[in-house]
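In what follows, a single structure is set out as structure tokens and then discussed.
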Amino acid sequence: MSVNSFGAKSTLEVNGQNYEIFRLDAVDGHDKLPFSLKVLLENLLRTEDGANITADDIRALAAGAPQGEPDKEIQFTPARVIMQDFTGVACVVDLATMRQAVADLGGDADKVNPLAPAEMVIDHSVIAEYFGTPDALNLNVDVEYQRNNERYKLLRWAQSAFDEFKVVPPGTGIVHQVNIENLARVIFPRTVDGVLQAYPDSCVGTDSHTTMVNGLGVVGWGVGGIEAEAAMLGQPISMLIPKVVGFKLSGKLNDGVTATDMVLTITEMLREHKVVGKFVEFYGPGVSQVPLANRATIGNMSPEYGSTIAIWPIDDKTTDYLRLTGRDEQQIALVEAYSKAQGLWHDDEREPVYSEYIELDLTTVVPSIAGPKRPQDRIVLAESKEKFNEVLPTYSSNPTTKVPVTLADGTSFELANGAVTVASITSCTNTSNPSVMIGAALVAKKAIEKGLMPKPWVKTTVAPGSQVVTDYYEKSGLQTYLDLLRFNTVGYGCVTCIGNTGPLIPEVSAAVNENDLAVTAVLSGNRNFEGRISPDVKMNYLASPPLVIVYALAGTMDIDLDNEPLGTTPEGEDVFMRDIWPTTEEIDEVINSSISSDMYKSRYADVFAGDDRWKNLDTPEGALFSWDDASTYIRRAPYFDGMPAEPTPVEDIHAARVLLKLGDSVTTDHISPAGSIKSDSPAGRYLTEHGVERQDYNSLGSRRGNHEVMIRGTFANIRLRNQIAPGTEGGFTKDFTKPDAPVTTVFDASVAYQEAGIPLVVLAGKEYGSGSSRDWAAKGTALLGVRVVIAESYERIHRSNLIGMGVLPLQFPEGQNADSLGLDGSETFEVVGVTELNEGRTPKTMKVTAAKADGSVVEFDAVVRIDTPGERGYYTNGGIMQYVLRQLMAN
104 MSVNSFGAKS TLEVNGQNYE IFRLDAVDGH DKLPFSLKVL LENLLRTEDG ANITADDIRA
164 LAAGAPQGEP DKEIQFTPAR VIMQDFTGVA CVVDLATMRQ AVADLGGDAD KVNPLAPAEM
224 VIDHSVIAEY FGTPDALNLN VDVEYQRNNE RYKLLRWAQS AFDEFKVVPP GTGIVHQVNI
284 ENLARVIFPR TVDGVLQAYP DSCVGTDSHT TMVNGLGVVG WGVGGIEAEA AMLGQPISML
344 IPKVVGFKLS GKLNDGVTAT DMVLTITEML REHKVVGKFV EFYGPGVSQV PLANRATIGN
404 MSPEYGSTIA IWPIDDKTTD YLRLTGRDEQ QIALVEAYSK AQGLWHDDER EPVYSEYIEL
464 DLTTVVPSIA GPKRPQDRIV LAESKEKFNE VLPTYSSNPT TKVPVTLADG TSFELANGAV
524 TVASITSCTN TSNPSVMIGA ALVAKKAIEK GLMPKPWVKT TVAPGSQVVT DYYEKSGLQT
584 YLDLLRFNTV GYGCVTCIGN TGPLIPEVSA AVNENDLAVT AVLSGNRNFE GRISPDVKMN
644 YLASPPLVIV YALAGTMDID LDNEPLGTTP EGEDVFMRDI WPTTEEIDEV INSSISSDMY
704 KSRYADVFAG DDRWKNLDTP EGALFSWDDA STYIRRAPYF DGMPAEPTPV EDIHAARVLL
764 KLGDSVTTDH ISPAGSIKSD SPAGRYLTEH GVERQDYNSL GSRRGNHEVM IRGTFANIRL
824 RNQIAPGTEG GFTKDFTKPD APVTTVFDAS VAYQEAGIPL VVLAGKEYGS GSSRDWAAKG
884 TALLGVRVVI AESYERIHRS NLIGMGVLPL QFPEGQNADS LGLDGSETFE VVGVTELNEG
944 RTPKTMKVTA AKADGSVVEF DAVVRIDTPG ERGYYTNGGI MQYVLRQLMA N
């Protein structure tokens, strides 16, 4: 039932159209709030029901950004949910399974239906199998449909079976770019109970880079698929009122400095400032100097510095962008009128009260890259050669190795450590930004005019995040130069950034693996974690699109780009980077003459329709999905098997064994990789046993609809280092159920433990679960039989996902870790205090006892990281999906 304690309900008239709104000025203190908290305040005013959301909650939020540790819980109801297909397919499988479970329990299956608009963009499945040829795009899309036919049939079924669920078909673009170019409303008009309302757009997404929409002033962030499912089914997001870090900008970027350089600088600064779990909000006179595409780039990389969001205010840059991208004029007028009426319009002079402050003068930003394995490890470009050579010995036992290679066409060369074997313009982070995309194309043009070509060992790809990029490349005449340089378009999707790099040049791959070379990848993405980009590549560097072209020409990371030539002209003259680098004026001239709103209107006119391949898919019908037991892509999930109507009380954990002992910065890629499947891995063996040929394994990301594959792929990253099994790399551990604890795969060990009824523990260091909002990192952990994770610290989304799967997240006492406590992973663990959760309270700590084989005992009080009452409810139900299903059955 709606409550209006503050009398906030009002009317806003825009061009003769009336909208019901909830005025922020009805609440004392609203004017000092940061932009992001104003959006949350409106959300509470509009959804106040006197039970879950009360007048006291509204007053607590209006009191301002917390100055101490956050401790006040609120319930946030996002306006919509957005998904990509890797996580989205798993979501749809879960919803279809939930429908089946409701039907099996005698309930109404149609109750499992999105209550908020849910949109999915299929962008994670195209792999760059083909490259360097004009037909690479069509060839890759053909392969994509062949491999993913079963998954796409499921999504076509979901599009018709669920209300408020829409799918953007393959080959359209990357989810976050499609979001800012078309799906985002900024101010959301929606008819509720017969009344046309207007309220701030907000969203949660099944991808951590959902924060890209923050560039438009839309509050949105990434959540795990399981939390997104709950939001789709009407469950509010339980959260503590966050600290808000005010990031003041002044000045303007210098000529030749890119948005990528800016975001890498900000990433480094904010990682150092420690913003995990906080909101970051940009303000100050420099805001008006930042184009909206640059804002989106910076918002996109919020997960790389750890904040929940990185929000920008609404101003004329926002409305100009909406107009450029073909939005309706009434919608644009609504955005401006509503934002000004509610105090959401940016004012350079206004400084809200923030929890913390940080500042950057944009004139100090210099060209940069990041690597070789974390996005926050920024390197000043002028120092890149020196920094590369400093770390090379940690990747190669013989840094000076050179290997002769002859390609199929007879080309011969020597391949050395540091060789750039992948150069990819990829990822929504940068392909959404015309300034860097045009900049890259101008570098290509100037390189061709100087007679330069990429080195023959480089795999060169372009994967735009939107078909509009191709339109403005064609109109400007620059596509020709990219094609001549072998930077042909390979797909409209995430590609290299998500690990869908495809195979390296075969002879190069063979030379790398036979000689253990430490070769590199350079990509314009947001993630460069170990093992993510290619199993052949040990070192990955993030760079702007123009620099990707430059490094392809150089062919090596072992180069001083300021002082060493990239190559020579046909006349023998040296060509340096500065000779082919475009000016800001040159880039702006092309942008102004080549990009128009008609391009966006045309490309997005019928964005959900798809091509003939999509339309002609054989699609199942009916409220319940027709499961095929022979499918290796789509299997009914096991989460509700044997689930009682009432939750079973949670219990203390006894006689548990350690499955993995891990170090710092273990990412969700380490836990649940999305890339290629090795034939000798448990996942590969499963597929082979089920009749799948090696060339059709596809990727782990594409198999997320099959839990049998995904369990076997959990903790299977080829770069994972489990300290229980020293000397190994990959998904290996010791099996303590057997004499002498032999080394085996993580999956095989978990089977042995589960057959013996032994619960499992994971020990980890700092920043556990950083990276993608990958729900399978938690799902796989739970299905392996892990009951508790004890880490030094967690990234926000993964901690939440663990709770959502019924896994208990504990934290070592401040200043302690497994090593300082003398734990080596051979111990038997007990966790006492879990049962207190059944009594409606969350203890601050739980007693952990680790017994060693010699009879000695290590005891410590672990911090409980169930942070809100809502999370406690999810955990005691065995997980968020079980909680939601029981709620649906009760209503």
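Residue numbers (my numbering): 104 to 994.
Heads up, the beta-carbon is just placed ideally off N, CA and C, and yes, glycines get one too.
- Counting only residues of its own chain and dropping the five nearest sequence neighbours on each side, A166 has a CB closer than 8 Å to the CB of G132.
- Scanning its chain for C-beta atoms nearer than 6 Å, with the 5 sequence neighbours on each side dropped, one finds around N801 the residues R250, in chain order.
- One Cα belongs to G308, the other to D188, and the distance between them is close to 11 Å.
- One Cα belongs to K548, the other to G804, and the distance between them is close to 36 Å.
- Between I821 and P394, the alpha-carbon positions lie close to 40 Å from each other.
- The beta-carbon separation of S139 and I414, rounded to 5 Å, stays under the 8 Å limit for a contact.
- Restricting attention to E489, T599, A855 and Q990, the CA atom closest to the CA of R760 is found in A855.
- Here T504 has A519, N520, N618 and L620 as same chain residues with Cβ atoms under 8 Å from its own Cβ, once five neighbours each way along the sequence are excluded.
- Taken atom to atom, the span from the alpha-carbon of D663 to that of L447 is near 46 Å.
- DSSP places Q120 in the uninterrupted beta strand (DSSP E) bounded by Q120 to F125.
- The C-alpha of I756 lies about 28 Å from the C-alpha of D197.
- Distance from the CA atom of T236 to the CA atom of A526, rounded to whole angstroms, is 15 Å.
- The alpha-carbon separation between R890 and P862 amounts to approximately 6 Å.
- For M223, the pairing in a beta bridge is given by DSSP as M186 and V270.
- Apart from the 5 residues on each side of it in sequence, V205 sits with its Cβ closer than 8 Å to the Cβ of D211, A212, K214, V215, L988, L991 and M992 in its chain, given in chain order.
- Of all alpha-carbon atoms in E898, E232, A956 and T948, the one lying nearest the alpha-carbon of P406 is that of E898.
- Cβ contact annotation for N536 (same chain, cutoff 8 Å, sequence separation greater than five): A362, A396, N397, A399 and T400, in chain order.
- If only complete runs of 3 or more residues are kept, the region 450-506 shows the beta strand (DSSP E) at 459-464, 471-473 and 481-483, in order along the chain.
- Under the DSSP assignment, T309 falls outside any alpha helix (DSSP H); it carries neither an H nor an E label.
- Excluding the 5 residues flanking it on each side, S458 has same chain C-beta neighbours closer than 7 Å at A168, P169, Q170, K346, V347 and V348, in chain order.
- Positions of the beta strand (DSSP E) runs, each at least 3 residues long and wholly inside the region 374-401, are given as 382-386 in order along the chain.
- Within the same chain, and ignoring the five residues on either side of G110 in sequence, the residues whose Cβ sits closer than 7 Å to its Cβ are A129.
- As for any alpha helix (DSSP H) of minimum length 4 sitting wholly inside the region 765-801, the runs are 771-774 and 785-792, ordered along the chain.
- Cβ-Cβ distances below 8 Å link N146 to F179, T180, Y302, P303 and S305 in the same chain, with the five nearest sequence neighbours on each side left out; the list follows chain order.
- E933 is the residue among T672, E933 and S705 whose C-alpha sits nearest the C-alpha of K950.
- Spatial neighbours of L425 in its own chain (CB-CB distance under 6 Å, excluding positions within 5 residues in sequence) are listed in chain order as I435.
- Proximity of the region 470-484 to the region 360-375 meets the contact definition, three or more beta-carbon pairs being nearer than 8 Å.
- Around the C-beta of K947, fewer than 16 other C-beta atoms lie within 10 Å, and the residue is accordingly described as exposed.
- The region 889-933 contains, as complete beta strand (DSSP E) runs of 3+ residues, the segments 889-894 and 911-914 (chain order).
- Annotated as distal: A566 and G602, with beta-carbon spacing of 8 Å or more.
- In this structure D677 touches T671 by the C-beta definition: roughly 6 Å separates them, less than 8 Å.
- Put simply, the backbone Cα of S768 is about 40 Å away from that of V438.
- In the structure shown, V753 falls within a coil segment according to DSSP collapsed to helix, strand and coil.
- Scanning T524, S487 and Q445 for the CA closest to the CA of E667 turns up S487.
- Residue pairing by DSSP places G554 opposite no residue, since no beta bridge is assigned to it.
- Distance from the Cα of K256 is smallest, within the candidate group P272, T563 and V246, for P272.
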